[in-house]
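Those protein sequence lines, which keep their order, are chains U and A.
The first sequence begins at 2 in the working numbering and counts up one residue at a time.
The second sequence begins at 2 in the working numbering and counts up one residue at a time.
Note that the Cβ used here is the ideal one computed from N, Cα and C, for glycine as well.
2 protein chains.
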Amino acid sequence: MDTDTNKEEAIEVLQQLGLKEYEARCFVGLTRLNTGTAKKLSELTEVPRTRIYDAIRVLEAQGLVEIQHSSPQQFRAVSLDEATATLRDQYEERVDRLHDALTTVETIDDDDESSIQEVWTLSGQDAIENRTEQLIEAASDEIVLVIGDESLLTADLVETLTGVDDDIEVIVGALTPSLQAEIQAAVPAATTFVSGLEWLHGETDTEDDTSIGRLLLVDRASILVSSIRPESKDEQAVFGEGFGNGFVVIARRLMAQGLLPIRDPNT
Amino acid sequence: MDTDTNKEEAIEVLQQLGLKEYEARCFVGLTRLNTGTAKKLSELTEVPRTRIYDAIRVLEAQGLVEIQHSSPQQFRAVSLDEATATLRDQYEERVDRLHDALTTVETIDDDDESSIQEVWTLSGQDAIENRTEQLIEAASDEIVLVIGDESLLTADLVETLTGVDDDIEVIVGALTPSLQAEIQAAVPAATTFVSGLEWLHGETDTEDDTSIGRLLLVDRASILVSSIRPESKDEQAVFGEGFGNGFVVIARRLMAQGLLPIRDPNT
DNA sequence: GTTTTTTGTGATTAATCGGGTGACAATACT
DNA sequence: AGTATTGTCACCCGATTAATCACAAAAAAC
């Protein structure tokens, strides 16, 4: 049962990694068979026999399958560790090449109207986490971070938080006392608190079941707020920059009204 | 000029990483523009303006682009570091999911005829390097390795070689004295030599311009030989296992005849 | 040695996907 | 008001991919 859904999962992920359906099926089939011929593979994976050969050739070229050139040919998947290592290597290479290529692409200096009212949206947990870390690393005075879901407290984030300069005030809030304790333990240098932001949950729209993800305010000049749809695990963020940015101003007003436990020196 | 080929390279790599052509073009376009509208992007990238929106939405969902929901909408690429970090994260997650899914897929125990004459082929530099390291790590007595091209002496390989047990004899050959010196410096525990295998170059087939890549013999029971097409950088390997394997026997005979500078205890 | 099955290649069809274009209403600019 | 811009849809077409068939070479069975 479960092994069957895992099989499907593996096929799906392999396709996300760039393989075609037949190729993915063949590879998963071969990981279950120590060694197999086109016929056996075809029966097991329900890939038309005559197309097994094409699929295997592609897999072989990618370094995921070995071929024994006998008659009939025998196919064999490389070990799981070898396969994942090879895939990892491939993607590392590609990302590196991308990085190299783009660093040397000249940017077009454009009529750069950095409107002070910019509010940008950003999607995806990975991207938002990277942006969060980027902002934290750029802080010079104060970091206020509220974490709404324990799944967001990743090792990377903890590492980034512990790596900030001593003279930067780090204030981290959580929605629950247990999460607060966890944060305090992981980041001793931080001041932690339990946030009074529960009201952000089911707000006015009752049908919209999004819960708060993170809230980050850096140097009172940049803010990032994210929400999570619990079902799809999809995280979406809004992000504003600049001391005069309306969005940022609202966040400061919130703080001034004591919804976040920080004194605003301006009041 | 050069920045143009880099642009092309970036677009190509992004497609290898799973983006569609329009998406790749848009992302590269946005990295050159601090911020852009659909129209400007369309002019710069030659993507039809009406299709910019689709492409951007996909990019936004992947966390590579930010959107400012004004009118007209403004688009902005996340910083290069954020982009590569996000891509890396995504692929790590996928490879991990693949690993998890496949470890729990039950293998079908099959009439396992481990013929002693098996000779398998394997392609791709990454895959062959992984297999090389795998074999080295599994060695119990002796490792004989001949490296035919300095590009194959990667940091990973050096690490693997230095990590073997002390009681394993490590013999590494190179095709040139300079490469030998490099190896000896990187792996002090190894016995190095200059190989007498140059004859393997243009062998009988004169039209076939493949040069030797690596030759690995582990415990005199497993052998891997690879060749490289200098043009395409494509590495191909043959691999045999088992003391009685005909391929392995040939390799031992070669050694016995002094082509490799190791005494065969059987003679 | 002949028949029968298996094996590998190639060509062919059908469906899907991605690149490319135009119509059109809503919105912003003059 | 009028003009240009912007965003959404619907559509077309070429390329890719899933799926099937025809067939010759090779094994296997008899």
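- Across the set A:Arg26, A:Leu65, A:Arg230 and A:Arg33, the C-alpha of A:Arg26 shows the shortest separation from the C-alpha of A:Arg50.
- Any Cβ of chain U closer than 9 Å to the Cβ of A:Asp101 would place that residue at the interface, and such an atom is present.
- Nearest to U:Arg215 by alpha-carbon distance, out of U:Arg221, U:Val226 and U:Leu154, is U:Val226.
- Closest in alpha carbon position to U:Pro231, among U:Thr192, U:Leu153, U:Thr163 and U:Pro73, is U:Leu153.
- A straight line joining the alpha-carbon of U:Thr192 with that of U:Leu217 spans about 14 Å.
- With a cut-off of 8 Å on Cβ pairs, the stretch 175-182 of chain U is in contact with the stretch 136-155 of chain U, counting three or more such pairs.
- Per DSSP, reduced to three states, the secondary structure at U:Ala78 is strand.
- For U:Ala140, same chain residues with a beta-carbon under 7 Å away, outside a window of 5 residues either side, are Val165, Ile169, Val219 and Asp220 in chain order.
- Contacts with chain A at 9 Å (Cβ-Cβ) include U:Thr32.
- In the three-state DSSP reduction, A:Ile169 falls in the coil class, being neither helix nor strand.
- Non-local beta-carbon contacts of U:Asp55 in its own chain, meaning distances under 8 Å to residues more than five positions away in sequence, involve Tyr23 in chain order.
- Interface criterion not met: the Cβ of A:Phe248 is under 9 Å from no Cβ in chain U.
- Secondary structure at U:Val14: helix, using DSSP grouped into helix, strand and coil.
- If you ignore the 5 residues before and after U:His70, its C-beta comes within less than 8 Å of no other C-beta in its own chain.
- U:Asp167 and U:Thr155 have their C-alpha atoms some 21 Å from each other.
- For chain U, the residues of the stretch 118-136 of chain A that bring a beta carbon within less than 9 Å of one of its beta carbons are Gln118, Glu119, Val120, Trp121, Thr122, Leu123, Ser124, Gly125, Gln126, Asp127, Ala128, Ile129, Glu130, Asn131, Arg132, Glu134 and Gln135, in chain order.
- Excluding sequence positions up to five before and after A:Trp121, its CB lies within less than 6 Å of the CB of Phe240, all in the same chain and listed in chain order.
- Within the same chain, Phe244 come within 6 Å of A:Ala222 by CB-CB distance, once the 5 residues on both sides are set aside.
- In the DSSP assignment, A:Ser43 falls outside any beta strand (DSSP E) and within the unbroken alpha helix (DSSP H) covering Ala39 to Thr46.
- The stretch 96-103 of chain A and the stretch 118-137 of chain A do not touch, with fewer than 3 CB-CB distances between them shorter than 8 Å.
- Taking each of A:Val29, A:Ile53, A:Thr32 and A:Ile57 in turn and checking the Cα distance to A:Lys40, the smallest one comes out for A:Ile53.
- If you ignore the 5 residues before and after A:Ala252, its C-beta comes within less than 7 Å of the C-beta of Leu218 and Ile224, all in its own chain and listed in chain order.
- Across the set U:Pro189, U:Gln63 and U:Gln135, the C-alpha of U:Gln63 shows the shortest separation from the C-alpha of A:Asp127.
- In the same chain as U:Gln185, and ignoring 5 residues on each side of it, the C-beta atoms closer than 6 Å to its own belong to Thr193, in chain order.
- A:Ser223: member of the beta strand (DSSP E) spanning Ser223 to Arg230, first to last residue.
- The alpha carbon of A:Ala84 has as its nearest neighbour, out of U:Ile144, U:Pro189, U:Asp142 and U:Glu134, the alpha carbon of U:Glu134.
- Close to A:Tyr92, with beta-carbon spacing below 7 Å, are these residues of chain U in chain order: Tyr92.
- Distance from the Cα of A:Val96 is smallest, within the candidate group U:Thr104, U:Ala86 and U:Arg95, for U:Ala86.
- U:Leu34 sits close to A:Thr108, with the two beta carbons spaced by under 9 Å.
- Taking a C-beta distance under 9 Å as the contact criterion, U:Val59 and U:Glu67 do not qualify as a contact pair.
- In this structure, DSSP gives U:Asp235 an extended state, which the three-state scheme calls strand.
- In this structure, the CA atom of U:Gly30 is about 16 Å from the CA atom of U:Gln74.
- Beta-bridge analysis with DSSP links A:Ala175 to A:Ile148 and A:Val195.
- Rounded to the nearest angstrom, the Cβ distance from A:Leu162 to A:Ile129 is 16 Å, too far for a contact under 8 Å.
- The beta carbon of A:Thr38 is closer than 8 Å to those of Pro73, Gln74, Gln75 and Phe76 in its chain, skipping five residues each way along the sequence.
- Not a single CB atom of chain U sits nearer than 9 Å to the CB of A:Val171.
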